[in-house]
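Residues in the sequence shown are numbered from 871 upward in steps of one, following the working numbering. Okay, structure first, notes after.
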Amino acid sequence: MITEDEVLHFQTLGFLQCRQLFSPDEIQALSEAFDAAMERQRGGKPEPVLNQDEHGYSTASQDEIPFFDTDPDAFYPLLDDARILDVFEQLMGSDYIMAAHSAVIYGGGTPWHHDTVAPEGFFSMRAALYLDPLGPEDGCLTVIPGSHFKEFRDALVNTVGNFQHSNQLGINASELPGQYPLVNQPGDVIFMNHKLYHASLKPRPGRRILRVTCVQNTTPEKNREHYDWLVQYLNGITEGHGIIYSDGLLANGGPRCQELMARGLKIGFGTGNLIPSP
Ligand SMILES: O=C(O)CCC(=O)C(=O)O
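Have a look at this one:
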């Protein structure tokens, strides 16, 4: 559980870093399982192909969505873990949907961008466990607090750009004022609204992240605009990544995960089919 102050922190700034939610032993087990599963996904090749462009940004990383089915014993418990789900519930309200579980080994940094932008009054978000100690010099996740608010984010998109290396502010994008580096110790969990502007500003290859992605739920009766966006968002995940609720997860996911999947299944998401329009 987080405090009311922490909820306000997330609502105001667009992110919340919860320090040391997982113990060193838990992180070591996750880290070993992560490396082994990534290697299996690479067909036994010991190293991923880590490419960077001339700015040090990843052009190819090992990006696995869905990922947690690669080692259910190690990763499924994260999808039922109160340390993560209680926070989602406090931030999104009790009616939300499991949308994805993923992992990445980054080939370098990541330019300024935001992720999915839901309509006003609605949002999706993720919990991220970076498995390595990361400071600004290692390309820790760096955010522009408050940029989940539309007017600010739109101004940044216009001047700094989205996935752009150049900008119109007359400064190097890596020196963007207002940036806030989230120095990470393994065991921290970073909760972030997808609308927030974020980047990783140093080209350190090999940063490892585990992510759980959720989205608020609604119905056409409650809010047609939000529902239409939700369907489009979930259909986009299906088109990009196929089945998110595998047979293994549907059979073995814990009780809270089952509830979150049941809501997705009810509107037609999770099993690889596109959600029909109502
Ligand atoms: O750590 C990074 O390089 C950026 C992560 C990111 O863009 C994301 O998780 O949405």
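Just so you know, even glycine gets a beta-carbon here, dropped at the ideal spot from N, CA and C.
| Query | Result |
| --- | --- |
| Beta-carbon proximity check, proline 916 vs isoleucine 1114, cutoff 7 Å | no |
| Sequence-distant residues of its chain with Cβ nearer than 8 Å to serine 1116 (five each side left out) | Pro936, Asp939 |
| Whole-Å CB distance - arginine 1081 paired with isoleucine 975, under 8 Å assumed | Wrong, their Cβ atoms sit about 12 Å apart, outside the cutoff. |
| Leucine 1011 beta carbon near ligand 1 (any heavy atom closer than 6 Å) | yes |
| Any non-hydrogen atom of ligand 1 within 6 Å of glycine 1029 CB | Note that residue 1029 is threonine in the sequence shown here, rather than glycine. No, since every heavy atom of ligand 1 falls outside the 6 Å radius drawn around the Cβ of threonine 1029. |
| Serine 1070 beta carbon near ligand 1 (any heavy atom closer than 6 Å) | yes |
| Tyrosine 1166: CB within 6 Å of a non-hydrogen atom of ligand 1 | As shown, the chain starts at 871 and ends at 1148. That puts residue 1166 outside it, with no answer to give. |
| Residue nearest to arginine 1023 in terms of C-alpha spacing, selected from Thr986, Gln960, Glu1007 | Thr986 |
| Glycine 1138 versus histidine 1018: straight-line alpha-carbon distance, rounded | 28 Å |
| Assigned secondary structure, proline 918 (DSSP; H/G/I helix, E/B strand, else coil) | coil |
| Integer Cβ distance of cysteine 1010 from proline 1056, believed to fall under 8 Å | Actually they do not touch by this definition, with Cβ atoms about 12 Å apart. |
| beta-carbon aspartate 1008 near ligand 1 non-hydrogen atom, thresh 6 Å | no |
| Three-state secondary structure assigned by DSSP to cysteine 1127 | helix |
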